[in-house]
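Please read the structure below before turning to the comments.
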Amino acid sequence: MANKTVSDESGKTLQTIRNLWPYMWPAERPDLRMRVVWASVYLIISKVVLILVPYFFKWATNALNGKFEASDLVPALFVGPLMLVAAYNAARIVQAGLNQLRDALFASVGQYAVRKLAYKTFVHMHELSLRFHVERRTGGLSRIIERGTKGIETIVRFTILNTAPTIIEFLMTAVIFAVTYGMSYLAVVVATVWVYTWFTVKASDWRIGIRRDMNASDTDANSKAIDSLLNYETVKYFGNENMEAGRFDTAMARYEISATRIWTSLGWLNFGQAVIFGIGMAVMMIMSGREVLAGTQTLGDFVFINAMLMQLSVPLNFIGFIYREVRQGLTDIEQMFDLLDVEREVMDRPGAKPLVIEKGAVRFENVEFAYDPKRPILKGVSFEVPAGKTVAIVGPSGAGKSTLSRLLFRFYDIQSGSITIDGQDIRDVTQDSLRSSIGMVPQDTVLFNDTIAYNIRYGRISATEAEMRNAAELAQIGPFIETLPEGYEAMVGERGLKLSGGEKQRVAIARTLLKAPPILILDEATSALDSATEHEIQSALDLVSRNRTTLVIAHRLSTIIGADDIIVLKDGVIAERGTHAKLLAKQGLYASMWNRQREATEAEERLRRVQAEDDLGVITRGKPAMPA
Numbered sequence: 001m002a003n004k005t006v007s008d009e010s011g012k013t014l015q016t017i018r019n020l021w022p023y024m025w026p027a028e029r030p031d032l033r034m035r036v037v038w039a040s041v042y043l044i045i046s047k048v049v050l051i052l053v054p055y056f057f058k059w060a061t062n063a064l065n066g067k068f069e070a071s072d073l074v075p076a077l078f079v080g081p082l083m084l085v086a087a088y089n090a091a092r093i094v095q096a097g098l099n100q101l102r103d104a105l106f107a108s109v110g111q112y113a114v115r116k117l118a119y120k121t122f123v124h125m126h127e128l129s130l131r132f133h134v135e136r137r138t139g140g141l142s143r144i145i146e147r148g149t150k151g152i153e154t155i156v157r158f159t160i161l162n163t164a165p166t167i168i169e170f171l172m173t174a175v176i177f178a179v180t181y182g183m184s185y186l187a188v189v190v191a192t193v194w195v196y197t198w199f200t201v202k203a204s205d206w207r208i209g210i211r212r213d214m215n216a217s218d219t220d221a222n223s224k225a226i227d228s229l230l231n232y233e234t235v236k237y238f239g240n241e242n243m244e245a246g247r248f249d250t251a252m253a254r255y256e257i258s259a260t261r262i263w264t265s266l267g268w269l270n271f272g273q274a275v276i277f278g279i280g281m282a283v284m285m286i287m288s289g290r291e292v293l294a295g296t297q298t299l300g301d302f303v304f305i306n307a308m309l310m311q312l313s314v315p316l317n318f319i320g321f322i323y324r325e326v327r328q329g330l331t332d333i334e335q336m337f338d339l340l341d342v343e344r345e346v347m348d349r350p351g352a353k354p355l356v357i358e359k360g361a362v363r364f365e366n367v368e369f370a371y372d373p374k375r376p377i378l379k380g381v382s383f384e385v386p387a388g389k390t391v392a393i394v395g396p397s398g399a400g401k402s403t404l405s406r407l408l409f410r411f412y413d414i415q416s417g418s419i420t421i422d423g424q425d426i427r428d429v430t431q432d433s434l435r436s437s438i439g440m441v442p443q444d445t446v447l448f449n450d451t452i453a454y455n456i457r458y459g460r461i462s463a464t465e466a467e468m469r470n471a472a473e474l475a476q477i478g479p480f481i482e483t484l485p486e487g488y489e490a491m492v493g494e495r496g497l498k499l500s501g502g503e504k505q506r507v508a509i510a511r512t513l514l515k516a517p518p519i520l521i522l523d524e525a526t527s528a529l530d531s532a533t534e535h536e537i538q539s540a541l542d543l544v545s546r547n548r549t550t551l552v553i554a555h556r557l558s559t560i561i562g563a564d565d566i567i568v569l570k571d572g573v574i575a576e577r578g579t580h581a582k583l584l585a586k587q588g589l590y591a592s593m594w595n596r597q598r599e600a601t602e603a604e605e606r607l608r609r610v611q612a613e614d615d616l617g618v619i620t621r622g623k624p625a626m627p628a
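The UniProt record's numbering puts the first residue of the sequence shown at 1, with every later residue one more than the last.
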């Protein structure tokens, strides 16, 4: 990858700031805009009060030194040294109070910006294609959003409330030095600030590269951790705990190196800033000290210059801090905005209308599709699923069976041909209406880490309690749920791990029944179950598919004997089609698959009979049955 130029970085930074502006100044929330305005007003007032603090310090010093003379600028009330000291401290208290009031006003603005941008990113990720999510790691995406939302608050806060006021404070300080003490003092101030700012910018730019490395290592480590924990059982099956720990530790070691470099570089940056400011301050104090000795300045002037410089160090430190925080915040949300810049692969066409279901007939016409242009999956596939009928798709692994269901849901767009429902091309209708008309019972049912009721009601969020329970009864899972102490409020665990495979499938069937779609897809819905459970689930599937246009992606051919039509896919084309009886009579690919599965089933049954009759425990590895 080519190295990025300074102009590239600047362009991207400016673009990111432009993207952030609507969240800093939300048009839809005038109340928040007023909060920003009032927070800015209080901040400017606090800066003016802050400028008065060194003056009170100067006047108090001269008064205590016996050289104070009241001027027209100072009320008579403050002529006394003790009153000046009191005024000095009062000014500091007022300034601190105004700052806290500013922060309180702006808190809701920052949090609103965080929430809105996080929401927009979350919605956008759901709008992206299945291809995007298949190719990205979930753990990496969650980390990007986490860092991005934290970076947003930092940027919104500092760009609005600190940058402009810091510049104003510096200009006020520079004018005071120029008018009161001459151009030589102004020159030293300007030179110190310029060198300080130049050094801060250069050092911070250098640290940004280290920050990117640290973020990449952090994302990688988080992805590995989540991936490993989500596959907890697989790790245990193969005893690879040490390997997983090693992979995670390797990723964290890279993060450790980058994080250490970040802290070390921060130390060098702070030291360099201290040296630059210290030299500038030393020069000005020497200049003032000489004039005090010469009698052209008072001791109060010496104290005033010192106080002004110390006060100037605060905005100077903020210049460095703001620049560092904003640049690091921009780096943190850079990937978040990159996510928002990812274009949706599948979009509704302009003027797309809702799908109108009359009968529910589905037709694939000369469909060609490839995930990778170099490897075609479907090559001119044409077939129809008549309304209310069941068509089964079978074939070897990799033939493109499950791809058909993804295309019908329009998770991907086909390269050529058409897919229609009641004559309506699915590319011409809205995705929401299309997907609300199709139900899916997948092979691997993944449930949300919530209650059974929530997972069933996910089929139709607006369903009543009675409708949800009726769906569970029809799916033959109601009696099981009633045996649980928490009933329908029982938690199913991460990805539904607290439920068996058959129980998860029944939940999937229940929520599909609740959705009540006119079109149904059964994608190898029983292939992961044992024969006994498969038989029980099959009756529930027969119920859910009754009078519905049903596309069955099948592995076990025994489950689709009663299909109205069976299509055999091989290498992306239709090799055979017909009813179960007709395909067996052809003695082709389907008959070969049927014979192999039947032989395997018969072998399993013979083995079970032998195990049942194995009184001596020979097959159970030398573990004889307990004597009666």
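From the three backbone atoms N, C-alpha and C, an ideal C-beta is built for every residue, glycine too.
None of these values were measured; they are calculated from a predicted model.
- So who's on the other strand from D425, going by DSSP bridges? According to DSSP, which records beta bridges pairwise, D425 is partnered with T420.
- C-beta atoms of G572 and L514 nearer than 8 Å: No, Cβ-Cβ distance for G572 and L514 is not below 8 Å.
- Task: Let me know the secondary structure DSSP gives I574 once reduced to three states.
- Result: Shown here, I574 sits in a strand according to DSSP, grouped into three states.
- Compare the Cα-Cα distances from Q415 to each of G380, E368 and D422 and report the closest residue. Ranked by Cα distance from Q415, the first of G380, E368 and D422 is E368.
- Query: Do you know whose CA, among S258, N270, T166 and A178, lies nearest A203's CA?
  - Reply: Nearest Cα to A203 within the set S258, N270, T166 and A178: N270.
- Leaving aside the five residues before and after F277 along the sequence, list all residues of the same chain whose C-beta is less than 7 Å from its C-beta, in chain order. Excluding positions up to five away in sequence, the list reads T192, Y196, S313 and L316.
- Item | Opposing strand residues paired with E368 [DSSP bridges] | DSSP output for E368 lists K379 and S416 as bridge partner(s).
- Task: Determine, using beta carbons only, whether L355 and S433 come nearer to each other than 8 Å.
- Result: Less than 8 Å divides the Cβ of L355 from the Cβ of S433.
- Message: Let me make sure I understand the geometry here. Which of W206, A259, Y185 and R344 has the alpha-carbon closest to that of L309?
- Response: Ranked by Cα distance from L309, the first of W206, A259, Y185 and R344 is Y185.
- Please report the Cβ distance between A472 and I456, rounded to the nearest whole angstrom; I am assuming they are in contact, meaning their Cβ atoms lie under 8 Å. With 8 Å as the limit, A472 and I456 qualify as a contact, their Cβ atoms being about 6 Å apart.
- Message: Between which residues of its own chain and I17 is the CB-CB distance below 6 Å, once the five residues before and five after are set aside?
- Response: In its chain, beyond the 5 residues on either side, no residue has a beta carbon closer than 6 Å to the beta carbon of I17.
- Using the C-alpha atoms, what's the distance from L105 back to V37? Rounded to whole angstroms, V37 to L105 spans 10 Å at the Cα level.
- Extent of the continuous beta strand (DSSP E) run through T390: Judged by DSSP secondary structure, T390 falls within the beta strand (DSSP E) whose first and last residues are T390 to V394.
- By DSSP, does R556 sit in helix, in strand, or in coil? Reduced to three states, the DSSP call for R556 is coil.
- Query: Since W25 and R35 are thought to touch, with beta carbons under 8 Å apart, how far apart are those beta carbons, to the nearest angstrom?
  - Reply: With a contact defined as Cβ atoms closer than 8 Å, W25 and R35 miss out at about 11 Å.
- Tell me, please, whether the region 401 to 415 touches the region 477 to 496 by the rule of three or more beta-carbon pairs shorter than 8 Å. Contact between the region 401 to 415 and the region 477 to 496 is absent, because fewer than three Cβ pairs lie under 8 Å.
- Quick one: residues in its chain with C-beta nearer than 8 Å to the C-beta of Q424, no 5 flanking neighbours on either side, listed in chain order? So the list reads L355 and V356, once near-sequence residues are dropped.
- Who are I363's beta bridge partners in DSSP? The question names Ile, but residue 363 in the sequence shown is Arg. BP columns for R363 point to E384 and T420.
- Query: Where does V441 sit, in a helix, a strand or coil, going by DSSP?
  - Reply: Strand, per DSSP.
- Message: Under 8 Å, with one C-beta from each stretch per pair, do the region 357 to 367 and the region 383 to 397 reach the 3-pair mark?
- Response: With a cut-off of 8 Å, the region 383 to 397 and the region 357 to 367 count as touching, because enough Cβ pairs lie within range.
- Query: According to DSSP, is L141 helix, strand or coil?
  - Reply: Under the three-state reduction of DSSP output, L141 falls in the helix class.
- Message: Short of 7 Å in beta carbon distance, which residues of its chain neighbour residue 629, apart from the five on each side in sequence? Order them along the chain.
- Response: In the structure as shown, the chain starts at 1 and stops at 628, and residue 629 therefore has no counterpart that could be examined.
- Task: Under the assumption that E325 contacts T154 (Cβ atoms under 8 Å), give the Cβ distance between them as a whole number of angstroms.
- Result: Yes, they are in contact, since the Cβ atoms of E325 and T154 sit about 5 Å apart, within 8 Å.
- Look up T296 in the DSSP assignment and say whether it is helix, strand or coil. Note: T296 maps to coil in three-state DSSP.
- Task: Assign D564 to one of three DSSP states: helix, strand, or coil.
- Result: In the structure shown, D564 falls within a coil segment according to DSSP collapsed to helix, strand and coil.
- Query: How is the beta strand (DSSP E) around I521 delimited, first residue to last?
  - Reply: Boundaries of the beta strand (DSSP E) harbouring I521: I519 to D523, taken from the DSSP string.
- Give the secondary structure of K353 by DSSP, where H, G and I count as helix, E and B as strand, and everything else as coil. In this structure, K353 counts as strand in the three-state DSSP scheme.
- Kindly confirm or deny that the region 387 to 394 and the region 545 to 564 touch, where touching means at least three C-beta pairs closer than 8 Å. A contact exists between the region 387 to 394 and the region 545 to 564.
- Task: Express the C-alpha separation of A508 and Y590 in angstroms, rounding to a whole number.
- Result: Cα to Cα, Y590 sits roughly 29 Å from A508.
- Does the Cβ of H126 have 16 or more other Cβ atoms within 10 Å, making it buried, or fewer, making it exposed? So H126 counts as exposed.
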